[in-house]
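Right, one structure below, let's go through it.
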Amino acid sequence: MGIFKKKGVKLGIIVVMAIVVVTGVIVFARNKLSNDYVQADRKRESSIVLKKMDLTKSISATGTVKSGSTKTVSAQLNGIEVKKVNVSAGDNVKEGDKLLEFNTDDLEEVLKEAKENLSDAKKDYKSSVSSAQSKLDDARSTYNSEKKSLEKKVSDIKKSLEDIKKKIKELKKDIADAENGEEKMAFEEELSRAEESKKSLQNEYETAKNNKKNTNKQNQSGIDNASESLKTAKSNGKKSIKEARKQVKEAKGQLANCKVTATASGIVTAVYVEAGDNYNGGSIVQIDNTSSFKVTASVDEYDISSISKWQKAVVLTAATDEDGLEGKVTFVAPSTVSTGVAETGSMRSGSSSDGYEIEITLDKKDDRLRMGMTARCSIILEEAEDVYAVPYDAVHENKDGKSVIYVEDMGQAGEVQEKAGQREIEVTKGMESDYYVEISGNGLSEGLRVIIPTDSDVSSGNEDKEQEKENTGIPGMGGGMPGGNMQGGGPFGGRGSKGGFNQ
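Just so we're aligned, residue 651 is where the sequence shown starts under the numbering used here, counting upward by one.
Quick look at the structure:
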């Protein structure tokens, strides 16, 4: 029994070993077959034909097509009924076209009353000024008349006083020359009466002078008061007329504001009111000028510092197929928040927290474009035309620290072979895209087959890079091997910023 057990154990071991050997052979065969296919596949991709191409280094972003400018029409009115709206969204309008009508009955009545008030103000002004002027004229006339009369009275009394003084002087002489006492007494009695008259005239003269002075002063005050009244009448009248004219102007202005017309030619993209509404200010119609277009896009914070105004850009849309539309960067947001009012007068919203807003204005109009279309944007950072370029992996560093490429040796006479079937050419690297690098140097010519490293020639790091290329496609400028309309770096192979196209 023990013998059978031992034999059974040995037999089991032999069977297991046989299975292991067979499995190993199968695995080895499969691996060899797989490696042969991989190697064969890699050998088919292990070299490229060197040719000249255009390289472009750019930043990609996704954007939205918008009109070249947007105008929002409004009116400076409050509490007025919308009578009729003449346009609808999608209508084409020309500058000056009438967009809507308001019910202006109340405003016309206000204008009528304002004009009547102005007419009344003018009449009141004329009447009050005329009355004040008449009183002033009367005051001046009274002053002049009474002044003249009083001056005459004073003058007459003064003359009488001078006459009596002269007579007194004569009487005194007569008394001195009298021949007898009776004659002398008669002269003395007459002198006494003259002295009394003189005294009376003296008092009367002083009274007349004071009366003249006081009357002239009083009459002058009357003139001053009348003159002030005239000034007041004129001032108040002018103020009333000015206020009335202001009311007329405001009423006319309100009626003028009711004439709402298109401020620019374009397409009506929004109508915010309808017939019967009570308008209290705000937007009425939005008009977009589609004679030109722009694209707004969001750029990642890692790329925004590389973008500035007036940089060249290329835009693709589904509607324009592969036709690249050229434009220029005309706005770069300084931050990720709202950036204020644009030159068109409409609010320009800033970028979201995911990126910075940029604006690209297209150089030419394209009738295939429509507002709201998704656009693939490429902002050109650097360009090189008609240069030799190869993938990064094709450029190596030799033992002397110099950049070189390896090309298939066709066996020309006099050429030194660094490896079997290969020769080394020293190159100088120039502009770099995300996949290609510009090279220059002696010995370069179109048609050379440049060696691209395979599994046996590259490190594990390069293997990872090769595997990444196989999985994701070639990124960066000229996102593929040379060929096609965009060989070597059409703008849409560039590195994609957040939201960019990586198809």
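Quick reminder that beta carbons are idealized off the backbone N, C-alpha and C, glycines included. These figures come from a predicted structure and were not determined experimentally.
If contacts are defined as beta-carbon pairs under 8 Å, then ALA883 and ASN767 qualify, I think. What distance do you get, rounded to the angstrom? That pair is no contact at about 18 Å.
State the beta-bridge partners of THR1024 as determined by DSSP. THR714
Could you check if PRO984 is buried or exposed, using at least 16 other CB atoms within 10 Å of its CB as the buried criterion? exposed
At which residues does the alpha helix (DSSP H) containing SER810 begin and terminate? 755 to 827
Kindly indicate which residue of GLY1022, VAL1087, SER791 and GLU854 has the alpha-carbon position closest to the one of GLN870. SER791
Starting from the C-beta of ALA914, find all residues in its chain whose C-beta is less than 8 Å away, skip the five residues before and the five after it, and write them out in chain order. SER719, LYS721, GLU745, ILE937 and ASN939
How is the alpha helix (DSSP H) around TYR855 delimited, first residue to last? 831 to 907
If you follow the beta strand (DSSP E) that ARG1018 is in, where does it begin and where does it stop? No beta strand (DSSP E) contains ARG1018, which DSSP labels as neither H nor E.
With distances taken between CB atoms, is the gap from GLU1009 to LYS944 smaller than 7 Å? yes
Run the CB neighbour count on GLU1007, radius 10 Å, all protein chains shown included, and call it buried at 16 or more, exposed below. buried
Here's the rule: buried if 16 or more other CB atoms are within 10 angstroms of the residue's CB, otherwise exposed. What is ILE676? Here ILE676 scores only 38 on pLDDT, less than 50, and its place in the model should not be relied on; the value that follows carries that caveat. Its Cβ having fewer than 16 others within 10 Å, ILE676 is exposed.
Could you tell me which residues DSSP pairs with ASN742 in its beta bridges? ILE917
Could you check which residue in THR865, ASN753 and VAL1040 has the C-alpha nearest to that of LEU700? VAL1040
With three or more beta-carbon pairs closer than 8 Å as the criterion, would you say the region 900 to 919 touches the region 726 to 737? yes
Please return the same chain residues whose Cβ sits closer than 7 Å to the Cβ of ASN928, not counting the five positions on each side in sequence. GLY729 and GLU731
Stretch-stretch touch, CB-based, cutoff 8 Å, three pairs: the region 948 to 961 with the region 698 to 713: yes
Assign LYS707 to buried or exposed, taking buried as 16 or more other Cβ atoms, counted over all protein chains shown, within 10 Å of its Cβ. buried
Looking at ILE891: is its Cβ nearer than 7 Å to the Cβ of TYR775? yes
Can you give the Cα-Cα distance for GLU832 and LYS822, rounded to whole angstroms? 15 Å
Under DSSP, the beta strand (DSSP E) around SER697 begins and ends at which residues? 697 to 699
First through last residue of the beta strand (DSSP E) which encompasses LYS1079: 1078 to 1082
Under the three-state DSSP convention, the category ASP1043 falls into: helix
If you draw a straight line from the C-alpha of GLY926 to the C-alpha of GLU976, how long is it? 46 Å
Check VAL985 in the structure and name its three-state DSSP category. Sequence check: residue 985 is Ser here, not Val. The answer is coil: DSSP assigns SER985 none of H, G, I, E or B.
In the DSSP assignment, what residue or residues form a beta bridge with LEU705? ALA1034
My guess is that LYS1079 and VAL1045 are in contact by the Cβ rule of under 8 Å, so how many angstroms apart are they, rounded? 6 Å
Pick helix, strand or coil for SER955, following the three-state DSSP scheme. helix
Classify ALA925 as helix, strand or coil using the three-state DSSP reduction. coil
Separation of LYS867 from GLN783, as counted between CA atoms: 20 Å
How many angstroms separate the CA atom of TYR855 from the CA atom of VAL804? 6 Å
Would you please state the rounded distance, in angstroms, between the beta carbons of LEU811 and LEU851? I believe it to be under 8 Å. 4 Å
Residues that GLU1007 bridges to, as DSSP identifies them: SER948
For ARG1073, is the classification buried or exposed, using 16 other Cβ atoms within 10 angstroms of its Cβ as the cut-off for buried? buried
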